[in-house]
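Per the working numbering, the sequence shown runs over residues 3 to 258. Single-structure report; data block below.
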Amino acid sequence: MTPALFVNPENCMVRASKMLQDKLIKTILYQRATFYPTEINITMSKDLAPGKNRSIGSKDPDHAARVFRKWTYIPQLVVFDLDFTMWFPAMDELHNEKIAKDPVTGDVTDAIGWHVHFYPEIHSVLSVLKTDPQFRNTKIGVASRTEEIETAKKVLGLMDVTLRGEDGVGVAKKTLGDIADFVTVFPGSKTTHFKLLKEQSGIEFEDMLFNDDEMENVHDVSALGVVCSHCPEGLTVASWLQGMEDFQLAKKQQSA
């Protein structure tokens with residue numbers, strides 16, 4: 003039996019923008035994975051339901067090693083969106099006043115038990131940025147348009163990232179807030195975030211790489227000269243590598 007909470011956004015009386023429809027679909031999938039974990043088999047695994055191991059595969063050293071590549075050009079600043087790029091659900095779905103981390107499991111939940119989940123391959127991508135010598139001078143930034151500013155900043159300081167070297171050793175845990183060098187979280191156009199990031203970092207747009215699940219943001223930011231990677235299913239190793247390939251191409255064209 004299909005639970006009542008699942009609706010078809012195309013049948014809604016109010017026509018939302020494509021971006022809002024996408025967010026609704028992602029939220030519905032999250033709710034289904036949370037409350038009906040045995041039924042979901044579309045985008046999210048039942049292993050992502052509360053109480054499950056959300057990082058299956060992401061902390062495997064062999065998996066992490068596959069992300070390590072030799073590159074000719076390295077971005078000076080790598081920027082990530084948050085909602086549905088790094089984690090889910092969206093921050094406006096949570097109850098801010100009760101968000102806490104379990105001291106034993108590290109799970110981050112709100113008052114009604116909703117868990118915040120990283121996309122599984124986040125750990126591998128961030129491991130490259132923090133342990134690969136090629137990226138020793140690369141800074142990490144966050145650019146989020148959420149209106150739940152305090153909630154996002156709180157979750158940034160709670161969510162643990164597991165970092166491994168290419169050899170699979172040297173395991174360390176740091177919060178995403180500790181890893182990020184620059185954090186821009188406020189509503190509005192992402193171009194405003196990037197102008198602020200440029201001002202704060204002193205890094206030119208052409209030396210930045212941006213990862214976002216929303217094509218509207220990718221379109222706006224790419225107009226500034228930033229290389230952008232579209233990751234509609236959240237950040238993955240594949241989307242990361244594609245972004246780096248696009249960065250190589252852009253740099254070759256600049257130097258031609």
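Even for Gly, the Cβ is constructed at its ideal location relative to N, Cα and C. All values derive from a computational prediction rather than experimental measurement.
Beta-carbon separation (whole angstroms), residue i vs residue j, contact threshold 8 Å
{"i": "Val-69", "j": "Val-239", "result": "5 Å"}
{"i": "Val-157", "j": "Met-246", "result": "With 8 Å as the limit, Val-157 and Met-246 do not qualify as a contact, their Cβ atoms being about 27 Å apart."}
{"i": "Gln-136", "j": "Ile-76", "result": "6 Å"}
{"i": "Val-2", "j": "Phe-196", "result": "Here the chain comprises residues numbered 3 to 258, so residue 2 is not present and cannot be evaluated."}
{"i": "Phe-207", "j": "Val-81", "result": "Actually they do not touch by this definition, with Cβ atoms about 11 Å apart."}
{"i": "Glu-95", "j": "Trp-116", "result": "7 Å"}
{"i": "Val-187", "j": "Lys-155", "result": "6 Å"}
Residue i versus residue j - alpha carbon distance
{"i": "Arg-71", "j": "Arg-138", "result": "14 Å"}
{"i": "Thr-45", "j": "Gly-167", "result": "Unreliable placement is indicated for Thr-45, whose pLDDT of 34 sits below 50; the coordinate value is still reported in the next sentence. For Thr-45 and Gly-167, the distance between alpha carbons rounds to 29 Å."}
{"i": "Pro-122", "j": "Leu-84", "result": "14 Å"}
{"i": "Lys-192", "j": "Ser-241", "result": "20 Å"}
{"i": "Gly-179", "j": "Ser-231", "result": "22 Å"}
{"i": "Asp-215", "j": "Arg-147", "result": "12 Å"}
{"i": "Val-2", "j": "Pro-189", "result": "There is no way to answer for residue 2, as the model of the chain reaches only from 3 to 258."}
{"i": "Trp-89", "j": "Thr-194", "result": "22 Å"}
{"i": "Lys-175", "j": "Ile-142", "result": "16 Å"}
{"i": "Ser-203", "j": "Ala-113", "result": "36 Å"}
{"i": "Lys-100", "j": "Thr-111", "result": "8 Å"}
{"i": "Thr-177", "j": "Thr-107", "result": "14 Å"}
{"i": "Cys-233", "j": "Pro-105", "result": "31 Å"}
{"i": "Leu-243", "j": "Glu-152", "result": "32 Å"}
{"i": "Leu-198", "j": "Leu-226", "result": "13 Å"}
Beta-bridge partners of residue i, as assigned by DSSP
{"i": "Val-163", "result": "Lys-176"}
{"i": "Ser-231", "result": "Asn-213"}
{"i": "Val-185", "result": "Val-144"}
{"i": "Phe-120", "result": "Trp-89"}
With 16 other Cβ atoms within 10 Å as the buried cut-off, status of residue i
{"i": "Gly-236", "result": "buried"}
{"i": "Pro-91", "result": "buried"}
{"i": "Glu-150", "result": "buried"}
{"i": "Ala-1", "result": "Any answer about residue 1 is impossible in this case: the structure gives the chain only from 3 up to 258."}
{"i": "Asp-169", "result": "exposed"}
{"i": "Ser-126", "result": "buried"}
{"i": "His-119", "result": "buried"}
{"i": "Val-223", "result": "buried"}
Distance cut-off 6 Å: residue i Cβ against heavy atoms of the ligand FAD
{"i": "Leu-79", "result": "Summarising the ligand content, the structure contains no ligands, and the ligand FAD is consequently not present."}
Quick check for students: name the residue ranges of the beta strand (DSSP E) that lie wholly in the segment 71–110, counting only runs of 3 or more. Within the segment 71–110, the runs of beta strand (DSSP E) that reach at least 3 residues and sit entirely inside it are, in chain order, 79–82.
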